[in-house]
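Read through the structure below, which is laid out as structure tokens, and then see the notes.
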Amino acid sequence: MEIVNTDARFSFEFFPPRTEVGVEKLKVVHSELAALRPDFFSVTYGAGGSTKDGTRQTVTRINETGSDVAPHLSFGGSTRDEILALLESYQALGINRLVALRGDIPSGTGTASQYYYANELIEFVRETTGDHFHIEVACYPEIHPQSDSYDSDIEFFKRKVEAGANSAITQYFYNQDAYFYFLDSCAKAGIDIPIVPGIMPITNFTNLQRFSNSCGAEIPRWMRQRLQSYGDDSDSIREFGIEVVQSLCEDLLAGGAPGLHFYSMNQTDPVRQIWQQLNLR
Ligand code: FAD
83 MEIVNTDARF SFEFFPPRTE VGVEKLKVVH SELAALRPDF FSVTYGAGGS TKDGTRQTVT
143 RINETGSDVA PHLSFGGSTR DEILALLESY QALGINRLVA LRGDIPSGTG TASQYYYANE
203 LIEFVRETTG DHFHIEVACY PEIHPQSDSY DSDIEFFKRK VEAGANSAIT QYFYNQDAYF
263 YFLDSCAKAG IDIPIVPGIM PITNFTNLQR FSNSCGAEIP RWMRQRLQSY GDDSDSIREF
323 GIEVVQSLCE DLLAGGAPGL HFYSMNQTDP VRQIWQQLNL R
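What follows is the structure, encoded as structure tokens:
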């Protein structure tokens with residue numbers, strides 16, 4: 083396939099495993115995905131700092147293998163000193179990329195945080211560590227579920243850029259028009275950083291529906307109908323998912339997307355299948 087943007091960058095996201103079995107499994111998945119030569123991996127950070135240690139440990143392990151890795155970070159309920167200590171520990175490991183977020187707020191802890199919105203975290207990172215980190219932020223072509231309006235969401239995205247974000251990764255979506263319209267809206271608002279589509283492979287319809295409802299990603303009606311029709315036939319769901327997501331990735335790259343970020347869900351397949359069919363590297 084033809085990639086319009088020859089500097090396109092590719093990344094794979096993991097979450098920190100909660101068990102020893104999960105840790106061992108992720109080592110295998112990481113080495114299998116590292117063979118595809120992505121530009122970097124990223125590791126999520128639990129709301130309220132619940133996976134702070136898990137994130138740091140996972141990041142450390144990946145970093146030790148020589149892969150570039152970007153920890154996700156949010157203030158959650160942590161203090162300035164705690165976040166600064168974490169930033170310094172990442173600097174000491176030689177890590178120079180972060181994904182800076184407000185994070186999902188666990189119920190009952192919404193006001194505990196001193197720094198709430200992502201733009202405030204970015205300001206803090208720039209204030210304390212200067213230009214050391216390349217800062218990625220999240221953005222939402224189908225609009226963040228808690229936003230008052232399309233325009234205000236773009237306005238708040240712009241604040242993150244003004245605070246020092248270098249590039250953005252989108253929430254996943256299956257409607258490419260939403261992405262390209264969002265790019266136009268951002269350009270009109272003066273946002274000029276690369277906006278990399280987040281790609282969610284489809285493996286399980288029930289989980290995808292639950293996830294999509296909470297994060298505001300739309301599953302188009304035709305896809306929903308098709309996925310529903312497969313019932314418990316997980317092979318057909320996966321096969322359809324690979325076909326749809328591969329075609330989405332092709333259209334995004336052909337339309338000039340600056341790269342792809344895959345939500346791997348700590349699984350090698352189907353990311354690898356999509357990747358191989360795209361013939362990316
Ligand atoms: P913000 O940019 O702070 O925006 C949050 C909401 O507040 C939006 O509705 C926005 O319009 C509004 N807003 C923003 N700034 C202001 C302001 N200054 N004043 C008033 N309103 C404002 N969650 C996790 O818990 N851990 C992760 O590791 C994680 N990784 C993610 C990675 C990616 C690529 C993406 C797309 C999402 C990720 N999430 C993660 C989910 C994310 O934390 C949630 O979507 C969260 O609800 C918003 O985070 P944010 O950084 O986009 O928030």
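Offset between the sequence shown (1-based) and the numbering used here: plus 82. The beta carbon of each residue, even a glycine, is placed where N, CA and C say it ideally should be.
So residue i and residue j are in contact, right, with Cβ under 8 Å, and what is the actual spacing, rounded?
| i | j | result |
| --- | --- | --- |
| LYS242 | ILE204 | 6 Å |
| ILE165 | PHE206 | 7 Å |
| PHE123 | VAL103 | At roughly 20 Å, the Cβ-Cβ gap does not stay under 8 Å, so PHE123 and VAL103 are not in contact. |
| THR211 | GLN258 | In fact, because the Cβ distance is near 36 Å, the residues do not count as touching under 8 Å. |
| PRO120 | LEU108 | Not quite, the Cβ-Cβ distance comes to about 15 Å (not below 8 Å), so this is no contact. |
| SER171 | ARG138 | 7 Å |
Might you give, ordered along the chain, the residues of its own chain that have their beta carbon closer than 6 Å to the beta carbon of residue i, omitting 5 neighbours on each side?
| i | result |
| --- | --- |
| PRO223 | THR252, PHE255, ALA260, TYR261 and PHE264 |
| PHE239 | CYS221 |
| ALA339 | PRO279 |
| SER149 | ALA116 and PHE123 |
| THR88 | none |
Judging by CA-CA distance, which residue of the options is the nearest neighbour of residue i?
| i | options | result |
| --- | --- | --- |
| TYR332 | ASN361, ARG320, MET305 and SER156 | With the sequence shown as reference, residue 332 is identified as Glu, and Tyr is not the correct amino acid for it. Looking at the Cα atoms, ASN361 is the closest of the given residues. |
| GLN349 | PHE92, ARG100 and HIS112 | HIS112 |
| SER156 | LYS109, ASP274 and LEU180 | LEU180 |
| SER249 | LEU183, LEU309, ASN257 and ASN289 | LEU183 |
| GLY341 | TYR312, PRO279 and MET305 | PRO279 |
| HIS366 | ILE177, GLY337 and SER296 | What the structure shows of the chain is the stretch from 83 to 363, and residue 366 is not part of that stretch, so it cannot be assessed. |
| MET305 | GLN291, ASP314 and ASP317 | GLN291 |
| GLY136 | GLU209, VAL110 and HIS154 | HIS154 |
| ASN295 | GLU202, GLN228, ASP315 and ASP317 | GLN228 |
| GLU106 | THR140, ASP274 and LYS134 | THR140 |
| ILE275 | THR147, GLN307 and HIS216 | HIS216 |
In its own chain, which residues sit with a C-beta less than 7 Å from the C-beta of residue i, not counting the 5 before and 5 after it?
| i | result |
| --- | --- |
| VAL353 | PHE94, LEU115, PRO283, PHE344 and SER346 |
| GLU323 | Strictly speaking, residue 323 in this sequence is Gly, with Glu absent from that position. Cβ neighbours of GLY323 beyond the five flanking positions: PRO283, ILE284, THR285 and PRO352. |
| ILE356 | PRO283, ILE324, VAL327, GLN328 and CYS331 |
| GLY185 | TYR127, ALA129, SER156 and GLY158 |
| ARG363 | LEU118 and ARG119 |
Would residue i and residue j qualify as a contact pair, given that the criterion is a beta-carbon distance under 9 Å?
| i | j | result |
| --- | --- | --- |
| LEU175 | THR142 | yes |
| VAL125 | PHE97 | yes |
| GLY298 | HIS226 | yes |
| ALA247 | GLU218 | yes |
| LEU335 | ALA90 | yes |
| SER267 | ILE236 | yes |
Under the criterion of a Cβ to heavy atom distance below 8 Å, does residue i qualify as lining the ligand FAD?
| i | result |
| --- | --- |
| LYS107 | no |
| ALA182 | yes |
| HIS216 | no |
| ALA152 | no |
| ASN201 | yes |
| PHE238 | yes |
| GLN228 | yes |
| TYR222 | yes |
| LYS242 | yes |
| CYS268 | no |
| SER234 | yes |
| VAL207 | no |
| ASP186 | yes |
| CYS297 | yes |
| HIS343 | yes |
| SER156 | yes |
| TYR198 | yes |
| TYR172 | no |
| GLU300 | no |
So with Cβ pairs under 9 Å, would you call residue i a contact of chain D?
| i | result |
| --- | --- |
| THR161 | Although the question refers to chain D, the structure presented lacks it and comprises just one protein chain. |
Looking only at its chain, what residues have a beta carbon closer than 8 Å to the beta carbon of residue i, apart from the 5 residues adjacent to it on each side?
| i | result |
| --- | --- |
| ILE319 | ILE284, THR285, ASN286, PHE287, LEU309 and TYR312 |
| GLN359 | ILE324 and GLN328 |
| SER316 | THR285 and ASN286 |
Closer than 8 Å to a non-hydrogen atom of the ligand ATP - does that hold for the CB of residue i?
| i | result |
| --- | --- |
| THR140 | Absence of the ligand ATP is noted for the structure shown, with the ligand FAD being the only ligands found. |
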